[in-house]
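Residue numbers for the sequence shown follow the numbering used here, so the first one is 607 and each next one is one higher. Just so it is clear, CB atoms sit at the ideal spot from N, CA and C, and this is done for glycine as well. What you are looking at is a predicted structure, and each value in this text was computed from that prediction instead of being measured. Worksheet for the structure shown next.
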Amino acid sequence: MKQRIVVKIGSSTLTGGTNRISRGKLEDLAKQIIELQDEYEIILVSSGAIATARQFINSSGWDNEVTSKQALSAIGQPKLMQLYNEVFSDYELRTAQCLMTYRDFEHPESKKNTENTLLELIGHNYIPIVNENDTTAVEELVLGDNDKLSALVAILLKADKLIIASDIDGLYTKNPHLYDDAELIHQVNDLSSAKKYIQERDNGIGTGGMTSKINAVELCFNEDIPVTLINGNNSDFIQKALKNSTSCTHFIP
C-alpha cells in the first residue's frame, strides 16, 4: 500500500529566490514525483499565485493591501496552474486544481466533500494541487503562506507525512541569516522546547515565517503525523525528507 505524502511548496521555493516562478523548479518537482509515484501518493499544497501574477502584469500600481493581494491572486492562480499543467504534462503527470478555505474543514458536510474529492482524484492518478481560495478567504494570504492549510490537508487525508518546503534548511538554534554560529536542529520531539528558537525575518516573497510553520507542526502532532521542514531549493528535497536526511529538521511526535 502506498504511503500518502502532503508536500507544501512555498512561494520562495517556486521562485528560486527570484521574482519569477521557476519553470526549472516545476520540472524538478515533476521529476521527483515520477521517481516516487510507485511508492507514494503525493498531494501538493502550492503557494505562488501572487508571484505568478507579478511576472505577467505590471504590478507597480498595486499596493500591499489585502484587496490588491486578492486581486493579484485571482490573476495569478490560473496562470500558475497553466504552468503546472504545461510542465507536468511533459512528464505524463495529470494535475487538478483544488481551491479551499478554512471553512471547508470546519463544517462536517464540506469537510467530507473535500475529503471525497481529493481521494477520488488520487484514486484516478491525478495530483491534487491545493491552494487557498484567496478571492474569498484571506487567512493564509495575510499570514501563513499555506502552512496551516497544508497541515489541515494532511490531517484530513490521514497522511503519513507532511513535508514543508521553504527557503531555509529547517529550525535553527538562532536565525542563520543573522548569526554565523546558528546550528541546524535535526530532530524535534518536544515542540514546547523548540518554540524558543523561533526567530522571524521578512524575505519579501512568501508570508509564512517560522511561527506559522511550527503552528502547522503542532496541528499535525495532535494527530501523530510527522513533519519535515526542508529547503525546497535543494535538489531532490522530497526524497531527502523521506530518507531522514540530516540537512533538514524532522518533527517526530
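Using a Cβ-Cβ cut-off of 6 Å (strictly less than) and excluding sequence neighbours within five positions of residue i, which residues of its own chain qualify?
i: S716; result: D710
i: P832; result: K767, I858
May I ask you to report which of helix, strand or coil DSSP gives residue i?
i: L763; result: coil
i: G810; result: Here G810 scores only 43 on pLDDT, less than 50, and its place in the model should not be relied on; the value that follows carries that caveat. Coil, per DSSP.
i: C826; result: helix
i: Q676; result: helix
i: E671; result: coil
i: E645; result: coil
i: A659; result: helix
i: I733; result: strand
i: G772; result: Before going on, a small fix: residue 772 reads as Ser here, not Gly. Strand at S772.
i: L749; result: Low confidence applies here, because L749 scores a pLDDT of 48, under 50, leaving its location unreliable; read the following figure in that light. Coil.
i: S798; result: helix
i: N837; result: strand
i: S716; result: helix
i: S652; result: strand
i: M607; result: coil
i: Y697; result: coil
Please state whether the Cβ-Cβ distance between residue i and residue j is less than 9 Å.
i: A771; j: N850; result: no
i: L705; j: N752; result: no
i: N754; j: A847; result: Here residue 754 turns out to be Lys, not Asn, going by the sequence shown. It is not a contact, given that the beta carbons lie outside the stated cut-off.
i: F843; j: I769; result: yes
i: Q683; j: R626; result: no
i: S841; j: N737; result: no
i: Q845; j: E641; result: yes
i: L678; j: T720; result: no
i: I656; j: R610; result: no
i: L699; j: A636; result: yes
i: E645; j: V693; result: no
Can you list, in chain order, the residues of its chain with a C-beta nearer than 7 Å to that of residue i? Leave out the 5 residues immediately preceding and following it.
i: T619; result: K631, A771, S772, D773, G838, N839
i: S756; result: V612, K614, V651, L768, I770, A822
i: N731; result: R700
Could you work out which residue in the options is closest to residue i when comparing CA atoms only?
i: G776; options: A760, Q609, A800, E692; result: A800
i: E726; options: M607, E641, E647, Q643; result: E647
i: H856; options: D796, T673, I804; result: D796
i: Q676; options: A659, C854, M816; result: A659
Note down, in chain order, each residue of its chain lying with its Cβ closer than 8 Å to the Cβ of residue i, except the 5 sequence neighbours on either side.
i: M687; result: T701, Q703, I735
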